[in-house]
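Residue numbering for the sequence shown follows the working numbering, starting at 66 and increasing by one per position.
All residues carry an ideal CB built from backbone N, CA and C; glycine is no exception.
Predicted model, so just to flag it, every value in this text is computed and none were measured.
Just below is one structure, and these are the notes that go with it.
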Amino acid sequence: MGLFGRKNHMPVEGRTILLTGASEGMGRAAAIQLAAKGANLILVARNVGRLEEALAEVKAAAKSPSQRFTYISADVSEHGYAEQVVAQAIAWNDGKAPDIVWCVAGMSTPMLWCEDDSMAAARRNMDVNYFGTAEMSRAILREWLAPENATGPNSEPKHLIFTASVLAFFALVGYAPYTPSKWALRGLADTLAQELLLYPDNPVKVHVVFPATITSPGLERENKTKPAITLELEKEEPPETPETVAQRSIAGLERGEYFVAVSFLGNLMRCGVMGGSARNSWILDTLLGWLVPVIYFFVLRIMNGQVKNWAKVHGHPAKKNTAAA
């Protein structure tokens with residue numbers, strides 16, 4: 066780091082990182098980029114075939130031949146999965162817990178709330194997006210915060226990273242089965258960030274990444290159920306590649322940000338709904354927090370007008386198939 070260089074708040078070289086959702090999309094891209102920075106990696110996902118493909122790409126990107134990589138096949142929606150994954154990770158990592166855990170695994174099943182399958186979709190989204198992350202956070206924190214694992218208040222902190230969505234800042238029609246699961250992650254992160262102050266000798270930092278739409282197999286799956294009005298409202302915001310989102314996320318984590326928004330629009334949304342959450346910058350975030358409600362006054366009038374006009378043109382949603390082809 067140069068004389069005027071910025072401190073890296075999350076160095077990864079030589080450290081071990083566990084990533085869920087690492088077989089495709091943003092998780093896979095993040096794993097490759099972290100390998101290029103010198104990290105050892107434990108990839109977690111359900112599909113063994115895709116995990117093996119991701120593992121080969123991660124090995125090819127490694128910074129040093131001394132780095133180590135493995136994968137664990139697990140379904141994050143299954144109750145009790147996380148304790149088994151953490152135990153396997155510790156056994157592989159010479160008896161030590163991973164230094165960083167990044168929960169990327171997620172899914173989205175957009176549809177209108179009154180559709181027949183919406184409640185089943187909401188429960189599934191909550192199981193994967195919220196409980197999958199919540200279980201992993203509890204399992205790894207029980208390891209990190211154990212008295213025998215205290216390293217002192219000045220030691221390099223562990224990092225627990227959640228992956229939410231900009232929809233946890235700004236709700237959009239069509240995402241009722243999905244958005245609450247991402248809002249719930251914000252609540253869990255805020256609570257844990259304060260609770261972790263009880264353990265000064267076991268330093269842990271919590272972060273939440275808030276991507277927008279990402280070009281990935283997950284996007285292809287969600288578009289199968291996405292209402293046409295949702296596609297209409299989203300069309301002005303093009304999706305980002307997994308590589309771009311991963312790169313911006315890692316950069317925000319290295320800056321030490323608590324809420325990591327990976328776009329200018331995402332940062333505006335973040336500042337508009339901070340509430341009691343920790344700020345990345347108290348001065349800048351507060352100033353933007355004053356400005357964003359003025360912007361929202363116009364944005365909401367425009368978007369709500371679009372939805373009302375859609376209803377006039379297309380009629381009652383129950384009388385017409387509104388899902389994307």
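Checklist entry - When DSSP labels each residue in this structure, what does E260 get in the three-state scheme? => result Locating residue 260 in the sequence shown gives position 195, where the first residue counts as 1. Assigned with DSSP and collapsed to three states, E260 falls in helix.
Item to check | Identity of the residue in Y264, V113, I97 nearest R207 by Cα | outcome: Stepping through the sequence shown from its first residue, residue 207 is reached at position 142. The residue from Y264, V113, I97 with its alpha-carbon nearest to that of R207 is Y264.
Checklist entry - Out of G79, S142, L356, A125, which has the shortest C-alpha to C-alpha gap to T109? => result Here residue 109 refers to the residue found at position 44 when the sequence shown is read from its first residue. At residue 109 the sequence reads Val, which differs from the Thr that was named. If you compare the alpha carbons of G79, S142, L356, A125 with that of V109, the shortest gap goes to S142.
Checklist entry - Roughly how many angstroms lie between the CA atoms of W375 and A293, to the nearest whole one? => result As a working note, residue 375 is residue 310 in the sequence shown. As a working note, residue 293 is residue 228 in the sequence shown. Taking the straight line joining both Cα atoms gives about 10 Å.
Item to check | Candidates H379, W167, P276, of which the one nearest A393 by Cα | outcome: As displayed, the chain neither begins before 66 nor continues past 390, which places residue 393 out of reach and without an answer.
Next on the checklist: Could you pull the DSSP bridge partners for P268 from this structure?
Outcome noted: One-based indexing of the sequence shown puts residue 268 at position 203. Partner(s): none; P268 has no beta bridge.
Checklist entry - Whose CA, out of A254, A104, L349, N158, lies closest to the CA of V274? => result Reading the sequence shown from its first residue, position 209 is the one you call residue 274. Nearest neighbour of V274 by Cα position, chosen from A254, A104, L349, N158, turns out to be A254.
Item to check | Expected contact under 8 Å - CB spacing of L318 and V325 to nearest Å | outcome: The count along the sequence shown starts at 1 and reaches residue 318 at position 253. The count along the sequence shown starts at 1 and reaches residue 325 at position 260. Contact between L318 and V325 is confirmed by a C-beta separation of about 6 Å, below the 8 Å threshold.
Next on the checklist: Quick check on H74: does DSSP put it in helix, strand or coil?
Outcome noted: Position 9 of the sequence shown, counting from 1, holds the residue named residue 74. DSSP places H74 in the coil class of the three-state scheme, outside both helix and strand.
Checklist entry - Quick one: complete beta strand (DSSP E) runs, 3+ long, within the segment 145-209? => result Scanning the segment 145-209 for uninterrupted beta strand (DSSP E) segments of 3 residues or longer gives 165-168, listed from N- to C-terminal end.
Item to check | Sequence-distant residues of the same chain with beta carbon closer than 7 Å to P282, five excluded per side | outcome: Position 217 of the sequence shown, counted from the start, is the residue given in the question as residue 282. Correct list, in chain order: E89, G90.
Item to check | K300 versus Y323: straight-line alpha-carbon distance, rounded | outcome: Translated into the one-based positions of the sequence shown, residue 300 becomes position 235. Translated into the one-based positions of the sequence shown, residue 323 becomes position 258. Between K300 and Y323, the C-alpha separation is close to 29 Å.
Checklist entry - Taking buried to mean at least 16 other C-beta atoms within 10 Å of its own C-beta, is W209 buried or exposed? => result The sequence position of residue 209 within the sequence shown is 144, counting from 1. The residue in question, W209, is buried, as its Cβ has 16 or more Cβ neighbours within 10 Å.
Next on the checklist: Going by DSSP, what residue range makes up the beta strand (DSSP E) through A139?
Outcome noted: Residue 139 sits at position 74 when you count from the first residue of the sequence shown. Taken as a continuous stretch (DSSP letters only), A139 belongs to no beta strand (DSSP E), as it is neither H nor E.
Next on the checklist: Would you call the segment 165-182 in contact with the segment 77-86, where contact means no fewer than 3 C-beta pairs closer than 8 Å?
Outcome noted: The segment 165-182 vs the segment 77-86: in contact.
Next on the checklist: Quick check: the Cα distance between P245 and D266, rounded to an integer number of angstroms?
Outcome noted: Counting from one through the sequence shown, the residue named residue 245 turns up at place 180. Counting from one through the sequence shown, the residue named residue 266 turns up at place 201. A direct Cα-Cα distance of roughly 34 Å separates P245 from D266.
Checklist entry - Is the segment 145-154 in contact with the segment 196-203, if contact means three or more CB pairs nearer than 8 Å? => result In short, these stretches touch, since the Cβ pair count reaches three.
Checklist entry - To the nearest angstrom, how far is it from the Cα of L250 to the Cα of Q153? => result As a position in the sequence shown, residue 250 is number 185, starting the count at 1. As a position in the sequence shown, residue 153 is number 88, starting the count at 1. Whole-angstrom Cα-Cα distance: 25 Å.
Item to check | 8 Å CB neighbourhood of T387 in its chain, flanking five on each side removed | outcome: Position 322 of the sequence shown, counted from the start, is the residue given in the question as residue 387. Low confidence applies here, because T387 scores a pLDDT of 44, under 50, leaving its location unreliable; read the following figure in that light. Here T387 has L177, P292, A293, I294, H379 as same chain residues with Cβ atoms under 8 Å from its own Cβ, once five neighbours each way along the sequence are excluded.
Next on the checklist: Pairs of beta-carbons, one from the segment 130-137 and one from the segment 97-116, closer than 8 Å: are there three or more?
Outcome noted: Segments in contact, yes.
Checklist entry - Since E122 contacts K102 with CB under 8 Å, what's their CB separation in whole angstroms? => result Here residue 122 corresponds to residue number 57 of the sequence shown, with the count starting at 1. Here residue 102 corresponds to residue number 37 of the sequence shown, with the count starting at 1. In fact, because the Cβ distance is near 15 Å, the residues do not count as touching under 8 Å.
Checklist entry - So, helix, strand or coil for E143, using DSSP? => result Walking along the sequence shown from the start, residue 143 turns up at place 78. In the structure shown, the three-state DSSP call for E143 is coil.
Checklist entry - Where DSSP assigns a beta bridge to N105, which residues make up the other side? => result Within the sequence shown, the letter at position 40 stands for residue 105. For N105, DSSP records a beta bridge to T81.
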